[in-house]
Amino acid sequence: EDQVTQSPEALRLQEGESSSLNCSYTVSGLRGLFWYRQDPGKGPEFLFTLYSAGEEKEKERLKATLTKKESFLHITAPKPEDSATYLCAVENSGYALNFGKGTSLLVTP
Amino acid sequence: DAMVIQNPRYQVTQFGKPVTLSCSQTLNHNVMYWYQQKSSQAPKLLFHYYDKDFNNEADTPDNFQSRRPNTSFCFLDIRSPGLGDAAMYLCATSTGTRLDTQYFGPGTRLTVL
């Protein structure tokens, strides 16, 4: 059975303190790995798609990387507005996204 | 801006009273999805439509039904809501091409009294 595990469940950072979120997955025939940001009471907002091991994508203070077993979301010099839950999801076959439970990030001033 | 719209944003219903949630899109995407997300949990796919073709997930309860009258609209019907159905319901769309991205609406928060 496909599994997506995110760690840590919660992370508290000081503004400017860089860190990484982890998404490990076991899936047969990975088609894509997706990162979303979700603010409280809102729908997930698309951030990145990674398709193959070694791929990297960046957006402002965020950088996503992919290996054959896991993905990392690196946050460089975070700001309080980066506080949110970050969701990882994999697509194997068909159209379903299999989500992890997310990492709840709090960045304090 | 092209977008996914969900109405209402908040819905309160009584135990056993049918409720319908609405999703519309201006993206002209072929695929529309319904996810259920309970507090502090991952979104869970209930079903999706590829055009008019309905695809139900194996573990989606019969209490949940869906309709897609046209490309732009999709509805989620909960025939007899139970307390365990209280959740955020998320609608998403995608083009349906290989390796495409799902775009989510803001969600409807359902409360069952």
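In order, the protein sequences belong to chains A and B.
Note that my numbering has the first sequence beginning at 18, numbered continuously upward.
Note that my numbering has the second sequence beginning at 1382, numbered continuously upward.
Every residue gets a Cβ at the ideal spot worked out from N, C-alpha and C, and that includes glycine.
query = Applying a beta-carbon distance threshold of less than 7 angstroms, which residues of chain A neighbour GLN1422 of chain B?
reply = What GLN1422 of chain B touches in chain A: LYS118.
request  = Kindly indicate which residue of A:SER121, A:PRO126 and A:ALA106 has the alpha-carbon position closest to the one of LEU114 of chain A.
outcome  = Checked all of A:SER121, A:PRO126 and A:ALA106; the closest Cα to LEU114 of chain A is A:ALA106.
request  = Tell me whether GLU1 of chain A sits in a helix, a strand or coil according to DSSP, three-state version.
outcome  = This structure leaves residue 1 of chain A out entirely; chain A is present only between 18 and 126.
Residues of its chain near SER1447 of chain B, where Cβ-Cβ distance is below 8 angstroms and the 5 sequence neighbours each way are ignored = Sequence-distant Cβ neighbours of SER1447 of chain B in its own chain, meaning closer than 8 angstroms and more than five residues away, are TRP1415, LEU1427, PHE1428, TYR1430, PHE1435, CYS1455, PHE1456, LEU1457 and ASP1458.
message = So ILE92 of chain A and SER24 of chain A are supposed to be a Cβ contact under 8 angstroms. How far apart are they, rounded?
response = Incorrect: roughly 14 angstroms between the Cβ atoms, too far for contact.
key: Backbone secondary structure at GLY1465 of chain B - three-state DSSP   = Here GLY1465 of chain B sits in helix by DSSP.
message = Assess contact between the segment 75-87 of chain A and the segment 1388-1398 of chain B, defined as three or more Cβ pairs (one per stretch) separated by less than 8 angstroms. Is contact present?
response = Too few Cβ pairs lie closer than 8 angstroms, so no.
ask   = Does the distance from the C-beta atom of PRO1462 of chain B to that of THR1394 of chain B stay below 7 angstroms?
value = Yes; because the gap between Cβ atoms is below 7 angstroms, this pair is in contact.
Cβ-based neighbour list, ASN1409 of chain B, same chain, cut-off 7 angstroms, excluding 5 preceding and 5 following = The residues THR1452, in chain order, have a CB closer than 7 angstroms to that of ASN1409 of chain B in the same chain once the five nearest residues on each side in sequence are set aside.
Sequence ranges, beta strand (DSSP E) only - wholly within the segment 1387-1461 of chain B, length at least 3 = Counting whole runs of 3 or more residues, the segment 1387-1461 of chain B contains the beta strand (DSSP E) stretches 1391-1394, 1400-1406, 1412-1418, 1425-1431, 1434-1437, 1445-1448 and 1454-1459.
ask   = Does any residue of chain B bring its CB to less than 7 angstroms from the CB of TYR103 of chain A?
value = With 7 angstroms as the cut-off, TYR103 of chain A does not count as an interface residue toward chain B.
message = Looking at chain B, is there any beta carbon in it that lies within less than 7 angstroms of the beta carbon of PRO13 of chain A?
response = This structure does not reach residue 13 of chain A, given that chain A is present from 18 up to 126, and the question cannot be answered.
ask   = What whole-angstrom Cβ distance do GLU108 of chain A and ARG54 of chain A have, given they're in contact under 8 angstroms?
value = Cβ atoms of GLU108 of chain A and ARG54 of chain A stay farther apart than 8 angstroms, at about 18 angstroms.
inquiry  = Assuming LEU90 of chain A and LEU28 of chain A are in contact, meaning their beta carbons sit under 8 angstroms apart, how far apart are those beta carbons, in whole angstroms?
reply    = Rounded, the Cβ-Cβ distance is 11 angstroms, inconsistent with contact.
query = Looking at the unbroken beta strand (DSSP E) that takes in LEU47 of chain A, where does it start and where does it end?
reply = Segment: none, LEU47 of chain A is in no beta strand (DSSP E) and carries neither H nor E.
inquiry  = Counting only C-beta atoms, is TYR112 of chain A closer than 7 angstroms to chain B at any point?
reply    = Interface residue, yes.
ask   = When DSSP builds the beta bridges, which residues end up paired with TYR1484 of chain B?
value = According to the DSSP secondary-structure assignment, TYR1484 of chain B is paired through a beta bridge with B:THR1474.
Through-space distance from ASP1481 of chain B to THR1401 of chain B, alpha-carbon basis = Taking the straight line from one Cα to the other gives about 28 angstroms.
inquiry  = Looking at chain B, is there any beta carbon in it that lies within less than 7 angstroms of the beta carbon of THR66 of chain A?
reply    = Cβ-Cβ to chain B under 7 angstroms: yes for THR66 of chain A.
query = Quick one, which residues of the segment 28-58 of chain A are near chain B if we go by CB-CB under 8 angstroms, in chain order?
reply = From the segment 28-58 of chain A, only ARG48, GLY49, PHE51, TYR53 and GLY58 have a Cβ closer than 8 angstroms to chain B.
ask   = What are the partner residues of THR66 of chain A, as DSSP defines its beta bridges?
value = The partner list for THR66 of chain A (beta bridge, DSSP) reads A:PHE51.
ask   = Which one of B:GLY1477, B:GLN1483, B:PRO1450 and B:ASN1444 has the shortest CA to CA distance from LEU1464 of chain B?
value = Checked all of B:GLY1477, B:GLN1483, B:PRO1450 and B:ASN1444; the closest Cα to LEU1464 of chain B is B:ASN1444.
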